[in-house]
Every structure is written in structure tokens, then in C-alpha cells.
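Colleague:
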Amino acid sequence: MMAMLGHTSQAQIVIGQTAGFTGPVSAGVKETTDGAKLYIEAINAKGGVGGQKIELISLDDKFEPKLAAENARKLIEEQNVVAMFLTRGTPHTEAMIPLLDKYGVPLIGPSTGAMVLHQPVKKHIFNVRATYQREAEKAVTHLNSMGISRIAIVYADDSFGADGVTGAQKGLATAKLQAVVQEKFDRSKPDYSAIAPKVYQSNAQAIIMVASGQAVVDGIKAFRAAGSTAQVVTLSNNASSGFVKNLGENGRGVIVTQVFPYERSISYPMVKEALELAKAKGQNEVSPAMLEGFAAAKVLVEGLRRAGAKPSREKIQAALEGIRKLDIGGLEVSYSPDHHTGLDFADLSIIGTDGKFKR
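According to the working numbering, the sequence shown is numbered sequentially starting from 504.
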């Protein structure tokens, strides 16, 4: 039996993760996972949970939904993980739902803000971060408060794009505005040749882009080349320092909505704790993406603690559903059997001249 457990000398709590460690979202995935590990390693250093260390098995799905589902199957059926954790992507996470349901495995903190994972409630998915709709709505409200009324919406033609647009539309409706341009593009081969001139001709003061990483980078280039000086706003799926690097010269002034407090704001105990743990490892700062992983890890560990001596899938599921007003460091997480949303926090940051997010 010990041979099967490999390098473990005592019983471990095995947690499974599949995410795009290579491919288009690898920069963000690495950062969220690093943030989660900061907390998990700190807990393990103190003896783990109930004397058991947490072992995180992470597999690379290259950001491909089919591979994500296959990885989840391996983790659940072969590695017998008690929970899944910090998956990345909407179709990728959706692809695992049949397995979660079949085996009763809870999934904590998927790195996506898709409404489809919130409503109707997915029994085994416990969201931590706020929804994309909440972010997009907040972005419009903020632009409107700055006196900006000519807003364009450009989005990827997929479930993520449609989801963000729904939120932006809610914000526009509240502000009694309509988008001056609303255009979608093919996620697999973004082509802005027709969209960029339309945005320029519409005299848009701001462009809300609901898309991932490179598609946004290319879009901004195309808008600038077409002559548009509009303020660009994108969502938290792009809140990684890798995204800022890829933007290069075009980064300055881009607004990125955020679902966690400012990563340098030590008035939030969670941020202070993450910073202290990072500094102990020789890192001087944490990124918004790291905070997302850190927060998810806090919820995971709390679920394990409440699940008791031998945390099984069922016990962790029940423990998570029993969480009410859990303070994870200045933010409160609550769940119930019919509410798996977690946080409602949304804020905005802007990329400064130094390539750092400012609030």
C-alpha cells in the first residue's frame, strides 16, 4: 500500500487540479497556482490539517476542455482525490461536471467568473471569486460615473464573451445608455480588420473587451492602428502580470477589473498575510492572480478543517455547504445548499507607466 502512495510517509489529503499550465493562459494559471501554494505550504509547514499534509496534484490540460475532463477523470478515479481545486476556464470546468456529480467530488475555486457555474447552482462547484457579469457591470458604472457615455463592446464569440456582455448590458441599462458598437470575433482566429474601423468611426470613448490574453493584446493594437484613442477596459481573467508584459507600450492606461482587493493594500488582512508569506520566500509582491489562488486555498483549507479527522468527498461537500460568513481576511464567504457564489467583490485597477496595476 505504501508503495502506491509513493513519497508519502503519512496519510495525506490529496487534492486535484487541472489547468492550462502551457498554452494561452499559462501566465495566469501559474500565478493563481503559486498564490494557492503560498497558503497550502504555510499550512503544511504547521503540520497540515488535523496532522495530515495537503498534497496538490496539478495536471496540465493545455487549456483544452477535452483534456481537462480527461485529467479530472484521472485525478478522481485513479488518484482518488477528495476534492478538485482551482481549475481554469469555463468550458473546461463545465466538462468536469458529469464526473463531479458521478463521484460526489467538490470543486473549490474554479478560476472563472462564468454565470453558468453559479446559476442554476451546480451542486459540487464552490465558487470563490465574483462573476464576470458583476465585473462588467461595475466597469460600465465606473465609466458612466466618469462622464463617459459612448461605450463600445468587443467580445470573443464564446460563452465567456456572451456572459461578460450580459453584465455590460445590465450596467448600460442602469445608466440608460446603449453601446455605440457591439461586435464579436472568432475566438480561435481573432480578426479585427472590420471591427477596428467601426470602433474608430463610432467615436467610442471607451471599449469594453471581453476576451482572453492575446486576443485583447491584438485588439488594442488594431484599435490604436485604426486611430482610436478610446480607454480600453478588460476583465479580471487578464489580471496577470504576464498580460501586462504582453501589452508592452499599449499597456499604460488600460483598465482591468479585479475581483480581489488591491494587492498592496495591507488594510486587508488577507493581502497582508499573502505578502508576508511571499516575502518569507524572497518574493517582494503578490499579483491579483496570486490573491485569487490564495483566497481559494483559504476556502479549501477551511472546508478540510470542518470536514473532521478523515476528510472524505461527502464530508468536505457538507462542510463547505455549512460555511456562513467566513472571514478570509477582510472578505466574507458564505455558502448554502442553494447558493455557491462565494464573493461579490469587484473593483477596478489601471495599468500605470511602470507596468503595475494601480487602484
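Backbone N, C-alpha and C define an ideal beta-carbon position, used for all residues, glycine too. Predicted model only: the values in this text are computed from it and were never measured.
Go through its chain and collect everything with a Cβ distance to F835's Cβ below 6 Å, but skip five positions before and after it.
Modeller: One-based indexing of the sequence shown puts residue 835 at position 332. The displayed chain sequence assigns Glu, not Phe, to residue 835. Same-chain partners within the cutoff: K828.
Colleague: Alpha carbon to alpha carbon, how far is L589 from G612?
Modeller: On the sequence shown, residue 589 is found 86 positions in, with the first residue counted as 1. On the sequence shown, residue 612 is found 109 positions in, with the first residue counted as 1. Taking the straight line from one Cα to the other gives about 5 Å.
Colleague: Strictly by DSSP, which residues pair up with S614?
Modeller: In the sequence shown, residue 614 corresponds to position 111, counting from 1. Paired residue(s): R591.
Colleague: Can at least three beta-carbon pairs, one atom from the stretch 573-585 and one from the stretch 787-806, be found at a separation below 8 Å?
Modeller: No contact exists between the stretch 573-585 and the stretch 787-806.
Colleague: Terminal residues of the continuous alpha helix (DSSP H) containing S529?
Modeller: Stepping through the sequence shown from its first residue, residue 529 is reached at position 26. Run containing S529: S529 to A548, per the alpha helix (DSSP H) assignment.
Colleague: What residue from P609, E640, M587 and T669 has the CA that sits closest to L562's CA?
Modeller: What you label residue 562 is simply residue 59 of the sequence shown in a count that begins at 1. For the residues P609, E640, M587 and T669, the minimum Cα distance to L562 belongs to M587.
Colleague: When DSSP labels each residue in this structure, what does A655 get in the three-state scheme?
Modeller: For the purposes of this step, residue 655 is identified with residue 152 of the sequence shown, where counting begins at 1. A655: strand per DSSP, three-state reduction.
Colleague: According to DSSP, is D850 helix, strand or coil?
Modeller: On the sequence shown, residue 850 is found 347 positions in, with the first residue counted as 1. Three-state DSSP puts D850 in a strand.
Colleague: Let's see if you can read the secondary structure: which residues bound the alpha helix (DSSP H) around A777?
Modeller: For the purposes of this step, residue 777 is taken as the residue at position 274 of the sequence shown. First-last of the alpha helix (DSSP H) with A777: P772 to A783.
Colleague: Less than 9 Å between the C-beta atoms of F797 and A633, yes or no?
Modeller: For this step, residue 797 is matched to residue 294 along the sequence shown. For this step, residue 633 is matched to residue 130 along the sequence shown. No.
Colleague: Let me know the secondary structure DSSP gives E567 once reduced to three states.
Modeller: By one-based count along the sequence shown, residue 567 stands at place 64. Coil at E567, not helix or strand.
Colleague: Pull up the distance between the alpha-carbon of G526 and that of E567, whole angstroms please.
Modeller: Counted from its first residue, the sequence shown places residue 526 at position 23. Counted from its first residue, the sequence shown places residue 567 at position 64. Near 9 Å, if we compare the C-alpha coordinates of E567 and G526.
Colleague: Let me know the alpha helix (DSSP H) ranges lying completely inside the stretch 645-713, each 4 residues or longer, listed in chain order.
Modeller: Here the runs fully enclosed are 662-677 and 698-704.
Colleague: Measuring only the C-alpha atoms, how far is G523 from S705?
Modeller: Position 20 of the sequence shown, counted from the start, is the residue given in the question as residue 523. Position 202 of the sequence shown, counted from the start, is the residue given in the question as residue 705. Looking at the two C-alpha atoms, the distance is approximately 37 Å.
Colleague: Could you tell me the alpha carbon to alpha carbon distance between G674 and E640, rounded to whole angstroms?
Modeller: Taking the sequence shown and counting its residues from 1, the one referred to as residue 674 is at position 171. Taking the sequence shown and counting its residues from 1, the one referred to as residue 640 is at position 137. Answer to the nearest angstrom: the Cα atoms are 4 Å apart.
Colleague: Verify whether the separation of the beta carbon atoms of T669 and Q636 is less than 9 Å.
Modeller: Working through the sequence shown from its first residue, we reach residue 669 at position 166. Working through the sequence shown from its first residue, we reach residue 636 at position 133. A contact, by the Cβ cut-off of 9 Å.
Colleague: When the distance is taken between beta carbons, is S715 closer than 9 Å to A642?
Modeller: Start at 1 with the first residue of the sequence shown, and residue 642 comes out as number 139. Start at 1 with the first residue of the sequence shown, and residue 715 comes out as number 212. Going by C-beta atoms, A642 is not nearer than 9 Å to S715.
Colleague: Between T760 and the ligand SAM, is there a pair consisting of the residue's CB and a ligand heavy atom that are separated by less than 8 Å?
Modeller: Summarising the ligand content, the structure contains no ligands, and the ligand SAM is consequently not present.
Colleague: Whole angstroms are fine: how far does the CA of A709 sit from the CA of V702?
Modeller: If you number the sequence shown from 1, residue 702 lands on position 199. If you number the sequence shown from 1, residue 709 lands on position 206. Approximately 10 Å between the Cα atoms of the pair.
Colleague: Nearest CA to the CA of Y606: which residue from A575, Y695, K565 and V774?
Modeller: Along the sequence shown, read from residue 1 onward, the residue named residue 606 stands at position 103. That would be A575, whose Cα lies nearest to the Cα of Y606.
Colleague: Provide the residue(s) that pair with G519 in DSSP beta bridges, ordered along the chain.
Modeller: On the sequence shown, position 16 is the one that residue 519 refers to. Answer by DSSP bridge pairing, in chain order: I560 and M587.
Colleague: For I854 and S739, what's the separation of their Cα atoms in angstroms?
Modeller: In the sequence shown, residue 854 corresponds to position 351, counting from 1. In the sequence shown, residue 739 corresponds to position 236, counting from 1. So the alpha carbons of these two residues sit roughly 13 Å apart.
Colleague: Could you tell me the distance, in whole angstroms, from the CA atom of K775 to the CA atom of S768?
Modeller: In the sequence shown, counting from the first residue as 1, residue 775 sits at position 272. In the sequence shown, counting from the first residue as 1, residue 768 sits at position 265. K775 and S768: Cα-Cα distance of roughly 7 Å.
Colleague: What residues match up with D830 in a beta bridge as DSSP calls it?
Modeller: In the sequence shown, counting from the first residue as 1, residue 830 sits at position 327. According to DSSP, which records beta bridges pairwise, D830 is partnered with E835.
Colleague: Candidates P601, N749, V584 and G845: which alpha carbon is nearest K569's?
Modeller: Residue numbering aside, residue 569 sits at position 66 when the sequence shown is read from its first letter. For the residues P601, N749, V584 and G845, the minimum Cα distance to K569 belongs to P601.
Colleague: Just how far apart, CA to CA, sit G538 and Q515?
Modeller: By 1-based counting over the sequence shown, the position of residue 538 is 35. By 1-based counting over the sequence shown, the position of residue 515 is 12. Their Cα atoms are separated by approximately 21 Å.
Colleague: Which partner residues of H842 appear in the DSSP bridge assignment?
Modeller: Position 339 of the sequence shown, counting from 1, holds the residue named residue 842. Answer is S839, bridged to H842.
Colleague: Can you tell me the Cβ-Cβ gap for L803 and I518, rounded? I've got them flagged as a contact below 8 Å.
Modeller: Translated into the one-based positions of the sequence shown, residue 803 becomes position 300. Translated into the one-based positions of the sequence shown, residue 518 becomes position 15. Confirmed, Cβ separation roughly 7 Å.
Colleague: Output the distance between the C-alpha atoms of G722 and L750, rounded to the nearest integer angstrom.
Modeller: Translated into the one-based positions of the sequence shown, residue 722 becomes position 219. Translated into the one-based positions of the sequence shown, residue 750 becomes position 247. Taking the straight line from one Cα to the other gives about 10 Å.
Colleague: Put T596 into one of helix, strand or coil per three-state DSSP.
Modeller: Position 93 of the sequence shown, counted from the first residue, corresponds to residue 596. The answer is helix: DSSP assigns T596 an H, G or I state.
Colleague: Can the beta-carbon of K859 be found less than 9 Å from the beta-carbon of V747?
Modeller: Along the sequence shown, one-based indexing puts residue 859 at 356. Along the sequence shown, one-based indexing puts residue 747 at 244. Their beta carbons are under 9 Å apart, which means K859 touches V747 by this criterion.
Colleague: Alpha carbon to alpha carbon, what distance is there between D857 and S839?
Modeller: By 1-based counting over the sequence shown, the position of residue 839 is 336. By 1-based counting over the sequence shown, the position of residue 857 is 354. So the two alpha carbons sit approximately 43 Å from each other.
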